[in-house]
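What follows is a single structure, written as structure tokens, with notes after it.
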Amino acid sequence: MLIKLSGGTVYDPANGIDGRVMDLFIRDQHLVEPPADNEPIDQHYPLEGKVVMAGAIDLHTHIGGGKVNIARTLLPEQQPAYSRPRAGRMRSGSGGIAPSTHATGYRYAEMGYTTCFEPALLPVNARQAHMEMADTPLLDTGGYALLGNDEFLLQLIAEGAEQQTINDYVAWTLRASQCIGVKVVNPGGISAFKFNQRALDVDDVHPHYPISPRDILRTLSRALHQLGVPHPLHVHASNLGVPGNYLSTLATMDAAEGLPIHLTHIQFHSYGTEGDRKFSSCAAQIAEAVNRQANISIDVGQIMFGQTVTVSGDTMRQYANHGHAHPRKWLCMDIECEAGCGVVPFRYRDRNFVNALQWAIGLELFLLVDDPWRVFLTTDHPNGAPFTSYPHLIRLLMDRSFRNDMLARIHPDAGASSHLASLDREYSLNEIAIMTRAAPARLLGMTDYGHLAPGAVADLVVYHREGNPEQMFERPMLVFKRGEVVAREGAICASVNGSTHVVRPEYDQGIETRLAEWFARYHSMSLRNFGISDDEMADGIGSPVVIHPCASTSHP
Ligand SMILES: [Zn+2]
Numbered sequence: 040m041l042i043k044l045s046g047g048t049v050y051d052p053a054n055g056i057d058g059r060v061m062d063l064f065i066r067d068q069h070l071v072e073p074p075a076d077n078e079p080i081d082q083h084y085p086l087e088g089k090v091v092m093a094g095a096i097d098l099h100t101h102i103g104g105g106k107v108n109i110a111r112t113l114l115p116e117q118q119p120a121y122s123r124p125r126a127g128r129m130r131s132g133s134g135g136i137a138p139s140t141h142a143t144g145y146r147y148a149e150m151g152y153t154t155c156f157e158p159a160l161l162p163v164n165a166r167q168a169h170m171e172m173a174d175t176p177l178l179d180t181g182g183y184a185l186l187g188n189d190e191f192l193l194q195l196i197a198e199g200a201e202q203q204t205i206n207d208y209v210a211w212t213l214r215a216s217q218c219i220g221v222k223v224v225n226p227g228g229i230s231a232f233k234f235n236q237r238a239l240d241v242d243d244v245h246p247h248y249p250i251s252p253r254d255i256l257r258t259l260s261r262a263l264h265q266l267g268v269p270h271p272l273h274v275h276a277s278n279l280g281v282p283g284n285y286l287s288t289l290a291t292m293d294a295a296e297g298l299p300i301h302l303t304h305i306q307f308h309s310y311g312t313e314g315d316r317k318f319s320s321c322a323a324q325i326a327e328a329v330n331r332q333a334n335i336s337i338d339v340g341q342i343m344f345g346q347t348v349t350v351s352g353d354t355m356r357q358y359a360n361h362g363h364a365h366p367r368k369w370l371c372m373d374i375e376c377e378a379g380c381g382v383v384p385f386r387y388r389d390r391n392f393v394n395a396l397q398w399a400i401g402l403e404l405f406l407l408v409d410d411p412w413r414v415f416l417t418t419d420h421p422n423g424a425p426f427t428s429y430p431h432l433i434r435l436l437m438d439r440s441f442r443n444d445m446l447a448r449i450h451p452d453a454g455a456s457s458h459l460a461s462l463d464r465e466y467s468l469n470e471i472a473i474m475t476r477a478a479p480a481r482l483l484g485m486t487d488y489g490h491l492a493p494g495a496v497a498d499l500v501v502y503h504r505e506g507n508p509e510q511m512f513e514r515p516m517l518v519f520k521r522g523e524v525v526a527r528e529g530a531i532c533a534s535v536n537g538s539t540h541v542v543r544p545e546y547d548q549g550i551e552t553r554l555a556e557w558f559a560r561y562h563s564m565s566l567r568n569f570g571i572s573d574d575e576m577a578d579g580i581g582s583p584v585v586i587h588p589c590a591s592t593s594h595p
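So for the sequence shown, the working numbering puts the first residue at 40; every next one is plus one.
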């Protein structure tokens, strides 16, 4: 099957193409060089006046693992039926703020997203999380294994284990849980909460292990760097949501000691204590630090006004916020010796000073960070807002007058204390393509994704060129998944299953001797049953693995 897409205006920043009219060819699920003149074309799509980009990649969205199911169960009233026009082969689903697996896959694909990463995959829950993501149609997926509150690692760091031993454990965890990266949430803080501590700043000492969050950050970022894992340590920093926490965020950046580090949902970590209400924007200080340090990347975690639900491994901070639950129901739990989980529904209000300023802080960060390759478009779905708000967010970034109209509607004191009105920047289509395609693929080491050169996987999107970016990104004309049209005019027309993206750094299997003893003593599962094999991923779970190279293994 040879497919020709002719005359579209292509935005492919990974290959330096910024709005060039060109033809693209697809064969056997990949983009290919132009064929010989006499070769027959099986399908031809004339795309004059249309915009073509690679399929979008969301590098931080909570779509799998136990917490999402808890949110779905806790809030049945927030699960309206999903009722767009659908093809005959499709399944039922429910929509809302934490959509069912099927509705999640369909709604992402309708908007031109073809790959999504679950950022908080607990290794002990990995099997269930991968099953849930395999049940999410149309999306390639992957997970970041949560480390840094697991007792095994804290014990290793506390006893002064060699970095090589840590590296072996990290690499083993990635292999056993079939993950592509490692995330740390409130380093050491979730564990400290189990010892009844209510805060743990970057240089505070853990109540049981004589180590600090800084030790955990340094050790894990070094491990990933030495193992050659493309994705840097993915960090949910200390003191989420706490006024004055920008200092913790700056200290977190510092703890990486110049090695690559990704700070997620940084909007929730950019707060000062100025003003009558002791809550202010420190977006300028954070953006300045990001602009100055090339080893740092961020995603924003923009909030949008309306009902949502917060789901987080950060039990310490979720417990602190449970009084704000709307509707008034919530839960927190510990998860074995590894981490915790908190689910707190929340409604962000534009007439509430703090919420309104949070909205402005997120937009300030987008507009003040200079390099679109190091800032990513997220709402930390569903924590800041459901992912279905992305087209609206893109319009806020691309259209200054629309942004100022929205700014005029929020709490007036919040508007007055924000610099947002003075920021003229409008994102270009090329910059949107960078932050939603090219840059996430690069930051994850996915060389065949996020771009449109011959050899790339044929995940791509065709948009109508509309004056209103919200309409443009909400209803693409065509979405191709591995060369097959799966959505037309914003409605799903076919369903295919995705793959799971992983990395495989090498390690000394001697680490398993100590792990076997640890599992026998403390875990509910034996080590033998913990790891997930490639066969199980492909056959039992139904999402075969795609392995991306690590620097240490591709250059022996
Ligand atoms: Zn998150």
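Glycine residues also receive a C-beta, built at the ideal position from the N, C-alpha and C atoms.
Where the alpha helix (DSSP H) through residue i begins and ends
i	result
Ala93	Element bounds for Ala93: not the alpha helix (DSSP H) but the beta strand (DSSP E), 90-93.
Gln397	392-407
Ala231	228-233
Phe344	Run containing Phe344: none; DSSP gives neither H nor E here.
Ala478	478-483
Ala290	285-294
Gly46	Taken as a continuous stretch (DSSP letters only), Gly46 belongs to no alpha helix (DSSP H), being part of the beta strand (DSSP E) at 41-51.
Phe441	439-446
Thr539	No alpha helix (DSSP H) holds Thr539; the beta strand (DSSP E) holding it covers 539-542.
Ala328	322-331
Glu509	508-513
Glu545	Premise fails: Glu545 is in no alpha helix (DSSP H) and is neither H nor E.
Gly454	451-455
Contact check, residue i vs residue j, beta carbons under 8 Å
i	j	result
Gly94	Val500	yes
Tyr145	Gly132	yes
Ser230	Asn188	yes
Leu491	Leu63	yes
Thr303	Gly280	no
Met343	Gly423	yes
Phe392	His308	no
Gly379	Phe558	no
Tyr310	Asn284	yes
Glu513	Pro430	yes
Ala159	Val224	yes
Met485	Val414	no
Ala322	Leu404	yes
Thr180	Thr539	yes
Gly529	Pro515	yes
Tyr25	Ala495	As shown, the chain starts at 40 and ends at 595. That puts residue 25 outside it, with no answer to give.
Thr552	Asp97	no
Val408	Ala478	no
Cys371	Tyr387	no
Limits of the beta strand (DSSP E) - the one that residue i falls within
i	result
Tyr84	82-85
Gln68	Counting along the chain, Gln68 falls outside any beta strand (DSSP E), and DSSP gives it neither H nor E.
Leu272	272-275
Nearest candidate by alpha-carbon position, reference residue i, set the options
i	options	result
Gly228	Leu213, Ile219, Tyr208, Pro252	Pro252
Pro271	Met343, Glu296, Ala75, Ile136	Glu296
Val542	Glu513, Pro269, Val329, Gly340	Pro269
His141	Ser572, Ala165, Pro158, Gly103	Gly103
Thr212	Ala276, Asn225, Leu259, Ala238	Leu259
Asp463	Asn443, Gly55, Ile473	Asn443
Glu634	Pro249, Gly401, Val60, Ser287	Absent from the model: residue 634. The displayed extent of the chain is 40 to 595, so no value can be given.
Leu86	Glu551, Arg504, Ser309, Glu171	Arg504
Gly581	Tyr152, His101, Leu177	Leu177
Pro366	Glu375, Thr347, Asp373, Met437	Thr347
Asn536	Met576, Lys43, Arg553	Met576
Arg316	His245, Ala453, Ser538	Ala453
Ile80	Leu263, Lys43, His99	Lys43
Val350	Gly105, Leu70, Ala75, Val71	Gly105
Pro508	Leu436, Tyr546, Pro479	Leu436
Arg255	Asp293, Leu193, Leu286, His275	Here residue 255 is Ile; the residue named in the question, Arg, does not match the sequence. The shortest Cα separation from Ile255 among Asp293, Leu193, Leu286, His275 belongs to Leu193.
Ser319	Leu468, His275, Ile300, Asn394	Asn394
Leu239	His273, Thr288, Thr427	Thr288
Notebook entry, point to check: Can you list, in chain order, the stretches of the alpha helix (DSSP H) that have 4 or more residues and sit fully within the stretch 100-188?
Noted result: 105-113, 140-149, 165-173
Margin query: Could you tell me which whole beta strand (DSSP E) segments of length 3 or greater appear in the stretch 351-385?
Written below: 370-374
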